[in-house]
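**Q** One structure coming up, written as structure tokens, with questions to follow.
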Amino acid sequence: MGEAPRRELTSERLRRELNFQVPEELARRVREAAAIRAKILKCLEGREMTVREIAREAGIPESVVFWHLMTMYKYNLVEPAEKTEDGLYKYRLKRGR
Amino acid sequence: MTGGGVRIGVYVCHCGGNISDTVDVKRVVEEVGKEPGVVTAVDFPFMCSEAGQKLVEDDVRSGRVNAVVVAACSPRLHEATFRAAISRAGGNPYMYYHVDIREECSWAHEGDREGATEKAIRHVRMAVAYLRRAEPLSKIKAASERSVLVIGGGLAGLRAALDLAEAGVRVYLVERSPFLGGNAARLGALKVFPYGRPAIDIVRSLIGKLVGRREVTIFTNAEVEAVSGYIGNFDVRIKVWPRYFKGKCAGDLARVCPKRARDEFYFGVAERTAILLPPFEGAYPDIPAIDINLCDRCGLCAKACPSVDLSQEPQTVSVRVGAIIAATGFRPYAPRNGECGRGLPGVITLHELVGALNKFGGIRVDGRAPESAVFIYCVGSRQRRAGGEGANEYCSRYCCIAALDAALHLRELLPGVRIYHVARDIRSYGVNELLYEAAGRLGDVFVKYSEEAPPRVERQGDKLVVRVRDVLTESVELEIPADLVVLVTGMEPSDGTAAIAERLKLQRGPDGFLQEVHPKLKPVETALGGIFIAGTAQAPRGVAETLASASAAAARAASLVLRGYVELEPFVAYVDASKCNACEACISECPYGAIEIVRAGSREVASVNEALCKGCGACIPACPNSAIQLRGLTSAQIEDMIRSALGHGRSA
Amino acid sequence: MRVDHRLADELRELGARNISQCYSCGVCTAICPLSEEGREIPRRMVRYAVLGLRDRLERSLEPWLCYYCGECTKSCPRGADPGALMMAVRRYLITRYDFTGISRVLYRSPLAEALLAAALFLAVVLGVYFLHGPVNLERVDMESFLPAGVVDAADIAVAATLASLLLANAYRMYRLTRRGPRLPLTAYITELVKTVPPHFFTQLRMLKCRGSVRDWVMHALTAYGYGIVFVLVVLFLRAIHAGVYPAAHPLRLAGYVASALLLAGAGYAIYGRARRSSVARQYSHPTDWLFLILLLLTTLTGVALHVFKYLNMPLEAYVCYAVHLGLAAPLLILEVPFAKWSHIAYRPLAIYFARLNELRARRLQPSP
Amino acid sequence: MTRAPQILVFTTSTISDPGVASAGLMRLKYPPQTAIIRVPCSSMIRPEWIVLAIESGFDGVFVAADGTDCPYLRDCTERTARGVEAAQKILASRGVEPERVRMAAVCSVCGEAFVRIINDFFNALSRLGPVRL
Amino acid sequence: MQKILERAEAAGEQLSYDAVVIGGGIAGMEASLSLADMGYRVLLVEREPTIGGKMFLLSKVFPTLDCASCIATPKMAAAARHPNITLWTYSEVRRVRALDRGAFEVDILRKPRFVNESLCTGCGLCEDACPVVVPKELDFGLRGRKAVYIPLDTAVPRKAVVDIDNCILCGQCERRCPAGAIDFTQKPRVYRVRARAVVIATGCRPFPAELKEAYGYGRTPNVITALQMERLLAPTRPYNAVLRPSDGREPGNIGYVLCAGSRDVTAGNPRCSQVCCMYSIKQAQLLLGALPLADVTIYYMDVRAYGKGFEEFYQRARSMGVKFVRGRVARIEGLPNGDVRVMYEDVEEGRLKSAVHDLVVLAVGLLPDNEVLKAFEGVTIHTDELGFVKVDPEDPVRTNVEGVFAAGCITGPKDIPDTILEAAAAAMRCAAFLKEVEARQT
């Protein structure tokens, strides 16, 4: 089957119609979040780590690490592994992804 | 449909972890998937969600499945949900078995994953066995009366009756006492917080709107004597006691009567004669009645007034209704003698205080206006039964607020009075907190005691003294001198509530109040179809909540009877004529007279009247030939379930 | 313990406006910077007040530990104004410590207070009018108008009376609040030395109140201003009467400093109360106003006297002196033992007595 | 190791089944070696079913009756008791201990009572050992 | 959104219903279902992209401990399916005009989801593709969501929605959607609807805890609200377990601060919020189940366990070992290690105390969500000083405007059983009103 003729995406159309520019603040937040997520995922490559360990290694505050980690957990990118003695979970990359 | 044609789908719910944390749902699915007749077995996080129901619907609609097992929570919660889902998809809703693997499995066996999983498998297997012999059934449709019986003419009964009448439903309102109004009327001038309107005003207004509506028939001095029938078609026999009055009388008739008794309308703080006059302006009916138990038929009143007719006889009225609302109310808790000083002069209950304030516009102790009053809260409430001493374990909800209301009212009448509140917690929930605040602002003093050290009331000279350890002040023992001690008593189910529970076979909760099916899903429904509950017959509550619950009960009754027909579950008895030899053993077993002998061709056989049969199955063991069976739960189905439970044998 | 509904009414008169609104949540106690475990304020006092537990209230030293920062009132979820209650309790306690019954009159009747003040004023002014010496209109001659010896004698008489009254009241305070057995004499003395002087001279506890540095400074300035004046009057009156000194003379400097401090302190307090600038200054009792006004006027007349003296305006100076003394009399006689100013004694003593009670409690409980 | 006793429980849809469910609601524990069949009213139980249960491998049968709460019948308890007695007789005639069949009223909120009874029954059955038919 | 809203177009159709029910929470759903069961045609309008209100976000409900989803989701499904109910989610009531007795004109804005509901299967692939992460409102910010998202697994309808305010129009979702459901050509539409009666069931909003400064909410990560705790305990929870937000540690010692924003003139609300005592007791019981070794302490003034079965529920919590301390917490401060110190007076002992907890939960009170009252034109719905709708003492669901009824938390904070009763009552009174209007018209 041949490729269907590429239609203009409706998002592109709306962008054009509204003469849309991504607000600077929003763009910055997206960039920052992406960077944090990338750092966390990199930390977890091939390892299991607690929030504390990730925070230390990536230089990001624990609460921020945890927030993004939980977001990624809900989006099936990471999963909890075993619980350490001090009540902290270790996390790892979701298997099979 | 016979066994071979049954294609069973099994759907196992995680209940978002409630089940799956304990039961290995994957294993359940795997095991029961092997059962003969099962064509699909799946698990899903929330079977009750739209998506979960859609799973069932899709399988039924495609024809892949024609019988369904859902293993989830209690059938009381979601059996109807899934039957409806099957119907929507064009399937037969009775090709269904609901397995409870939550309340009766995961929650009861938390921590025993193996045991719980085994049990879940066992139950699903039994359900599958049941369905292999299931047959499509259909509801029994019966015309419904477009009328409702409301039992109780208090606040709830009045509200519900008025709602129904306004919605175009015919209403029969039955009140035990000679006048409408119930407990709310007896609250009299006590205001309904936060609206500042006296309770009696509300009662009067409701009565005014109700009386004279053509949809409404009111029986006072009347009792529901017997109820038979079923949802949509209840036959009700009402006994109406004579008033012994044909009309009104001029002058103060009560004065001619020589008999005296405590006046219940004022909670016993005043006296009345055997002639009961309309207790308040706007009361219904506005003609007197005679308390015949007190009356010795001396005839003095008859001489004074031609309207008196002592020859009246009780009458029995029969009505047919589609639904019944029980609004039989509460009675105040009566403290035992000695309980918190009960019995000492100057110690009264909150209700007696209310009665006195209404009757006399004030209160006097030993002929003097009290200078100080102590309200003792939770008398007869919130007492744990462990020691066997306590009265009621529950909180009566309205008493804190009623006590504050009464205290403010008392202060209005006696501005200088000093008021102490001796309570455990002040439960002035919601907007009522403003009432608590107002009492403080006006100088009322609040003291709190703990359950372990209840206050004691003693007599010291001509004064009362309340001794209490105040937990707010290092538990020092306070000595509060008082002229008046008010015991803030809670609610208990009224005698009428107890009687109606007995007569209609309604369930009561551990607290004695009528039991709803589910506080959130079916808050005014009882286990018996077509019978609803409203107001304080169900639980202690205040005026606003009583009115809301009455309107809610009316809503349920209205949606039932406005349709004009009801559909009954098809689970009734039937007779396999080929096995019946008309021995009549079943007939004597049936408490509803639903079985009779009919001619079927050349011979006589038993036959079941489906509208009368309640589906109890009491006839089943009586039949020597197993000819009489319950539709939807035959002997064969039960036997199969028993056999399949342990995997067809002793070896399991 | 028998409840007594009249106490709450009395305290209401003394300024505890909303206290029956209290529902005993304990926020005031937990928020109070001076509350500490074992010496919780103010909720316990609120309970005593509301229930009318007079004995308990009178036995309490805690009211003196409060410096009315107003945190409790600001945080009170019911608007019960516990700070005002503490103030009212202090007033109540002053009336209880005072055996003469005068402070009771002062606190309960603003009219009586005003009349007493006026009477003292008149008595002094008339006394000066009738008893003054030769009036030298050539130059300001204080010594001949009113010899320092006479004033000193009057001073000493008044001081002795006031001090004995205050001491008697302090002793009553001690009796009321004493809990536990007798202590060795040395303990009384060492604790007295350890607690009273430091607190008397610094009022450091007040600094524990959040955001109170300015209040503390103003309070201290007033107190020190008064202290300087006290020293000047008691020790150097003769010298002040006698001489005219250059501007840089220590006596003059001390006088200027004291006047400035008193004016600043009293002005600050009056301004604050008039503006209701803080919780503590929301509601003022008549005694508060009288005290501040007398203090301000006494200071102003003192300054005027000084001015007249150095401008050589004899008649004005003599009249001013009489008025000055007339104002000082009620300020001292009414306020020191019977009202507002008695706190200069009660506050440090309360800390001392509390410490003694602590030691007594410790003696009752053998240490582990 | 001996097998834990297996118990068949008959419950009634409106009264005793909610009662059993209330045990779960309160997280009260009882042995999971139970199987539950809901019937509208316990008076419908045929003695043959009880016998069949024992034959099919159950070690005991518990009938959770309605007692006086029964929405159908005043005398539901007596009727049920008759059926239970009949079953016990049949079992006794085959050498099975009649104690293997029990009945008791379980109200709709009587979770605690149910758990007490069923635990007690379970222990009694454990002592009895396996059924010898 | 502003730019998008400027593109709103008026819908041509003239729609008419017996009643418009505003708010798709438990009260609105119940009122709609009751009216529909009585044969009336109802338009149910919900502002959010899913119905369910607050209830379907909860864990379990007192005093029966049924799971809230199990009660709410069937009602949600039933409301969505009932033949007499038309359900509009993501829609706002812009204007209500009373034309006559029993005649209202209601303008309703239907916001674009930018997702074709009939095509969307709720698979969630668009979410995976979206690069924008923002705090998830339905989890009260405990974790993030994407700019295109499915509100919750139990949402009705379970369809994606684009949060256009945070969308960067990158087109990733549109490329990824297998059903081709993403559609940015959708425009807002304003419908003019005729109705004979209006039911207001817009419910409540939690007290904004940051207003109570002494409690440090918003500054101290491990001070959370009870609604956040509901989410942590719910089956659809944001985390894998009950964990505290500062570092993801399992809390071993949890404190409950009751009356946060209630019974407090300094917070502007002198009233009691009616449900906080009970939900805290419930959460305490659930926490003891989820964290068997945990200590739970509840700081209270009065335990208001007033309803049917509530007192028994409270006593059970006590016997389970939940600690109840009489005393209102005055101040809360965060410690460097994330722990939280509460300062209070133990009123029964009369002692000043402080305690350190791993996690502190503020039992926030409820305030009315009454924005919609501003939409009424020509008539004013009377409210009390906090903005709750005032009702008639004789008929606690009737407002001062004829034909306008109110039910649920908009008339005052209340629990679910009371809300359900009130909603059914509102339906009943509404039905009686409709009947009367009918009778007059014929």
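The listed protein sequences correspond, in order, to chains A, B, C, D and E. Under our numbering, read the first sequence as residues 336 to 432, first letter to last. Under our numbering, read the second sequence as residues 481 to 1132, first letter to last. Under our numbering, read the third sequence as residues 7 to 374, first letter to last. Under our numbering, read the fourth sequence as residues 25 to 157, first letter to last. Under our numbering, read the fifth sequence as residues 7 to 448, first letter to last. We treat Cβ as the ideally placed atom computed from N, Cα and C, and that holds for glycine.
Spell out the partners DSSP gives Gln1109 of chain B in its beta bridges.
**A** Answer is B:Tyr1054, bridged to Gln1109 of chain B.
**Q** Are the segment 712-732 of chain B and the segment 784-792 of chain B touching by the rule of at least three beta carbon pairs closer than 8 Å?
**A** Contact between the segment 712-732 of chain B and the segment 784-792 of chain B is present, because at least three Cβ pairs lie under 8 Å.
**Q** Distance check for Lys81 of chain E and Ser529 of chain B, CA to CA, integer angstroms please.
**A** Rounded to whole angstroms, Ser529 of chain B to Lys81 of chain E spans 9 Å at the Cα level.
**Q** Assuming Gln289 of chain E is part of the alpha helix (DSSP H), what are its boundary residues?
**A** From DSSP, the alpha helix (DSSP H) with Gln289 of chain E extends over Cys282 to Ala296.
**Q** Taking C-beta to C-beta, are Ala290 of chain E and Val328 of chain E nearer than 7 Å?
**A** Contact: yes.
**Q** For a test of the three-state rule: what should DSSP assign to Asn912 of chain B, helix, strand or coil?
**A** Looking at Asn912 of chain B - three-state DSSP - the assignment turns out to be helix.
**Q** Would you call the segment 631-645 of chain B and the segment 1031-1045 of chain B touching, i.e. three or more CB-CB distances under 8 Å?
**A** Yes, the segment 631-645 of chain B touches the segment 1031-1045 of chain B.
**Q** Report the rounded CA-to-CA distance for Arg811 of chain B versus Glu121 of chain D, giving the unit in angstroms.
**A** The straight-line gap from Cα to Cα measures roughly 50 Å.
**Q** Quick one: which chain B residues come within Cβ less than 8 Å of Lys165 of chain E?
**A** Ordered by position in chain B, no residue passes the 8 Å Cβ test against Lys165 of chain E, which lies about 10 Å from the chain.
**Q** Using C-beta distances below 8 Å, list every residue in its chain close to Val250 of chain C, excluding the 5 sequence neighbours before and after it, in chain order.
**A** Within the same chain, Val250 of chain C has close Cβ partners Lys315 and Tyr316.
**Q** Mapping DSSP to helix, strand and coil, what is Ile32 of chain E?
**A** Three-state result, Ile32 of chain E: helix.
**Q** Using the three-state DSSP reduction, which class does His363 of chain E fall into: helix, strand or coil?
**A** His363 of chain E: strand per DSSP, three-state reduction.
**Q** Using the beta-carbon of each residue, which ones in chain C are nearer than 7 Å to Phe855 of chain B?
**A** Those within 7 Å of Phe855 of chain B in chain C number zero; the least Cβ separation is about 14 Å.
**Q** Nearest chain D C-beta to Trp721 of chain B closer than 7 Å, yes or no?
**A** Not one chain D Cβ lies under 7 Å of Trp721 of chain B.
**Q** Name the one or two DSSP bridge partners that Asp43 of chain E has.
**A** Answer is none; Asp43 of chain E lacks a bridge partner.
**Q** How would you write the range of the beta strand (DSSP E) that Glu1084 of chain B sits in, first residue to last?
**A** First-last of the beta strand (DSSP E) with Glu1084 of chain B: Arg1083 to Val1088.
**Q** Is Thr502 of chain B close to chain E? Criterion is C-beta to C-beta, closer than 7 Å.
**A** Not an interface residue.
**Q** To the nearest angstrom, how far is the alpha carbon of Ile47 of chain C from that of Leu59 of chain C?
**A** Ile47 of chain C and Leu59 of chain C: Cα-Cα distance of roughly 16 Å.
**Q** CB Val235 of chain C to CB Ala264 of chain C, shorter than 7 Å?
**A** It is a contact, given that the beta carbons lie within the stated cut-off.
**Q** Got a sec? Which residues, its chain only, sit under 8 Å from Gly483 of chain B by beta carbon, not counting five neighbours each side?
**A** Residue placement at Gly483 of chain B is poorly supported in this model, since its pLDDT is 41, which falls under 50; the coordinates still yield a value, given next. Around Gly483 of chain B: Gly517, Arg612 and Arg613.
**Q** Can you pull out the residues from the segment 77-89 of chain D whose beta carbon lies closer than 9 Å to at least one beta carbon of chain B?
**A** The residues in question are Ala77, Glu79, Ser80, Gly81 and Phe82.
**Q** Does any residue of chain B have a CB that is nearer than 7 Å to the CB of Val75 of chain D?
**A** Val75 of chain D does not count as touching chain B.
**Q** Classify Ser657 of chain B as buried or exposed, calling it buried when 16 or more other Cβ atoms lie within 10 Å of its own Cβ.
**A** Buried.
**Q** Quick check on DSSP: helix, strand or coil for Pro973 of chain B?
**A** Three-state DSSP puts Pro973 of chain B in a strand.
**Q** Can you list, in chain order, the stretches of the alpha helix (DSSP H) that have 4 or more residues and sit fully within the segment 878-947 of chain B?
**A** 879-893 and 913-921, all fully within the segment 878-947 of chain B.
**Q** Please report whether the beta-carbon of Arg50 of chain C lies at a distance below 7 Å from any beta-carbon of chain E.
**A** Yes, Arg50 of chain C lies at the interface with chain E (some Cβ there is under 7 Å from its Cβ).
**Q** Give me the Cα-Cα distance between Asp178 of chain D and Glu510 of chain B, rounded to the nearest whole angstrom.
**A** No answer is possible for residue 178 of chain D: it lies beyond the span of chain D, which begins at 25 and ends at 157.
**Q** What would DSSP say about Gly632 of chain B, mapped onto helix, strand or coil?
**A** Gly632 of chain B falls in the coil class under three-state DSSP.
**Q** Please classify Val156 of chain C as buried or exposed, where buried requires at least 16 neighbouring CB atoms within 10 angstroms.
**A** With fewer than 16 other Cβ atoms within 10 Å, it is exposed.
**Q** Check whether the Cβ atoms of Ala85 of chain E and Tyr197 of chain E lie closer than 7 Å to each other.
**A** In this structure, Tyr197 of chain E does not lie closer than 7 Å to Ala85 of chain E by Cβ.
**Q** Nearest by alpha-carbon distance to Lys193 of chain E: which of E:Glu123, E:Leu158, E:Ala361 and E:Glu12 is it?
**A** Selected option, being the one with the closest Cα: E:Glu12.
**Q** Give the secondary structure of Arg51 of chain D by DSSP, where H, G and I count as helix, E and B as strand, and everything else as coil.
**A** The answer is coil: DSSP assigns Arg51 of chain D none of H, G, I, E or B.
**Q** According to DSSP, which residues form a beta bridge with Glu199 of chain E?
**A** The sequence as given places Val at residue 199 of chain E; Glu does not occur at that position. E:Leu21 and E:Val112.
**Q** Taking Cβ positions only, does Arg322 of chain E come closer than 7 Å to chain C?
**A** So, not an interface residue.
**Q** Taking one C-beta from the segment 417-426 of chain E and one from the segment 118-127 of chain E each time, how about it: are there three or more such pairs within less than 8 Å?
**A** They do not touch, by the three-pair rule.
**Q** If the cut-off is 8 Å on Cβ atoms, which residues from the segment 592-613 of chain B count as contacting chain D, listed in chain order?
**A** For the segment 592-613 of chain B, which is checked against every Cβ of chain D, the residues closer than 8 Å are Asp592, Gly595, Ala596, Glu598, Lys599, Arg602, His603 and Met606.
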